[in-house]
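Single-structure report; data block below.
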Ligand SMILES: Cc1ncc(C[n+]2csc(CCOP(=O)(O)OP(=O)(O)O)c2C)c(N)n1
Ligand code: SF4
Ligand SMILES: [Mg+2]
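Numbering (our numbering), first residue to last: 1 to 351.
Below, the structure is given as structure tokens:
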């Protein structure tokens with residue numbers, strides 16, 4: 001694969017964040033995706049979110065599987081650590097990377113094919129383990145890279161570009177993640193940057209596995225009438241259930257919210273998410289109510305979006321395994337390698 005580096009032109013007028021970095025510093029190489037592909041809009045939102053969070057690029061691990069969507073990490077944060085893994089295996093690599101260095105931000109990029117077909121087992125278990133990462137599915141309902149076959153996210157009754165009808169049931173990553181015991185499940189649309197940027201920031205700050213399903217139209221293979229993942233269809237059936245405001249720890253929450261309409265949720269680093277609900281009785285902390293709401297709106301063909309479910313209290317992989325708080329690279333050699341005597345004792349215990 002060849003990559004085209006972007007020209008390093010200095011634009012003196014660009015706004016700098018607290019680290020003195022501009023948006024350009026959070027970009028990657030030039031995209032080779034089709035013009036108009038939803039995945040590129042998601043990249044722009046990721047760049048914006050990391051910039052707004054004043055993230056040090058070298059403190060980010062970006063990992064993907066295989067697909068057009070899995071090419072995305074090349075297009076943002078050139079200065080961070082990246083690994084383009086095997087089809088459907090992004091979660092294993094992310095688990096290994098975070099086991100070694102738990103203090104980094106981990107962002108995984110995957111597709112509906114990569115996650116819901118070949119990678120379904122991996123998708124399920126990274127959610128159960130509650131690995132501390134943001135897991136984005138760029139969902140276009142097809143295998144874009146291999147020329148537009150239906151994916152497991154294609155809705156029954158939807159058609160492909162040639163007019164063939166999909167007769168199989170769709171897997172919804174959001175309700176699946178909630179059912180699997182996930183701690184954070186959200187949905188958005190590549191065409192709604194205002195909604196997407198705060199959701200990416202919330203997912204990065206959430207302690208645990210944040211699943212973010214982003215409907216991301218494939219303009220080449222799945223943007224026709226009959227597709228339920230086209231720009232036109234998503235705009236028509238888009239149903240934001242909840243709006244997320246992201247308040248950094250240094251800022252006060254000043255806005256006054258009418259009773260029941262908004263819900264502040266404090267994250268473990270002091271960040272506050274203010275969830276403004278479309279309906280006062282929507283409760284993003286109740287699995288039962290959220291699943292009911294999703295099913296009710298699925299039957300009306302509505303695409304429910306926003307931070308739909310959150311549980312800040314589930315133990316993460318590191319908490320469940322009581323691991324050391326620091327990255328392994330910062331541990332003393334003697335702690336990492338307790339010596340042959342300790343190993344013999346361990347083996348004795350297993351005899
Ligand atoms: C083991 C293996 N099986 C099949 C393939 C072929 N393959 C490459 S990408 C892909 C599907 C990608 O679809 P998705 O994850 O939805 O990404 P998109 O291209 O739509 O963004 C498939 C089946 C492969 N690369 N490796
Ligand atoms: S084939 Fe589809 S998913 Fe792949 S880059 Fe083109 S528009 Fe995007
Ligand atoms: Mg796809």
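Here a beta-carbon is modelled for each residue, glycine too, at the ideal position from N, C-alpha and C.
Owing to the predicted nature of the structure, the values given are computational and were not obtained by experimental measurement.
Query	Result
Continuous beta strand (DSSP E) stretch holding residue 63: start and end	60-64
Candidates 94, 157, 350, of which the one nearest residue 225 by Cα	157
Selected residue, minimal CA-CA separation from residue 200, among 37, 24, 34, 48	48
Residue from 171, 167, 150, 142 whose Cα sits closest to the Cα of residue 37	142
Any non-hydrogen atom of ligand 1 within 6 Å of residue 151 CB	yes
Option nearest residue 79 by Cα separation, candidates 187, 5, 12, 33	5
Exercise answer, beta-carbon shell around ligand 2 heavy atoms below 5 Å	33, 34, 37, 68, 144, 218, 219, 220
Any non-hydrogen atom of ligand 3 within 6 Å of residue 140 CB	yes
Residues that DSSP places opposite residue 139 in a beta bridge	215
Inter-residue Cα distance where the pair is residue 331 and residue 351	30 Å
Integer-rounded CB distance, given that residue 173 should sit under 8 Å from residue 211	6 Å
Spatially closest choice to residue 197 from 13, 221, 42, by CA coordinates	42
Nearest-angstrom beta carbon gap, residue 171 and residue 359 [assumed within contact, 8 Å]	Here the chain covers residues 1 to 351 and nothing more, so residue 359 does not appear.
For residue 91, the residue or residues it bridges with in DSSP	Residue 91 pairs with nothing; no bridge assigned.
Straight-line Cα distance separating residue 309 from residue 103	25 Å
Between the CA atoms of residue 131 and residue 318 - distance to the nearest angstrom	8 Å
In chain order, each beta strand (DSSP E) run of at least 3 residues that lies wholly inside the region 181-227	184-189, 209-215
Secondary structure of residue 99, DSSP reduced to three states	helix
Residue 83 - DSSP class collapsed to helix/strand/coil	strand
Pair within 7 Å by beta-carbon distance, residue 70 and residue 114	yes
Cβ pair residue 165, residue 105 closer than 7 Å	no
heavy atom of ligand 5 below 6 Å from residue 279 C-beta	Absence of ligand 5 from the depicted structure is noted, with ligand 1, ligand 2 and ligand 3 being the only ligands included.
Reduced DSSP category for residue 52 - H, G, I as helix; E, B as strand; rest coil	helix
Cβ neighbour criterion (16 or more within 10 Å) applied to residue 328	exposed
For residue 291 and residue 298, the rounded distance between their alpha carbons	10 Å
Range covered by the beta strand (DSSP E) that runs through residue 105	105-111
Separation of residue 126 from residue 321, as counted between CA atoms	14 Å
Supposed contact pair residue 270 and residue 284 - C-beta distance, whole angstroms, cut 8 Å	Actually they do not touch by this definition, with Cβ atoms about 20 Å apart.
Pick from 286, 345, 221, 349 that is closest to residue 33, judged by C-alpha positions	221
For residue 40 and residue 193, the rounded distance between their alpha carbons	12 Å
Through-space distance from residue 229 to residue 150, alpha-carbon basis	11 Å
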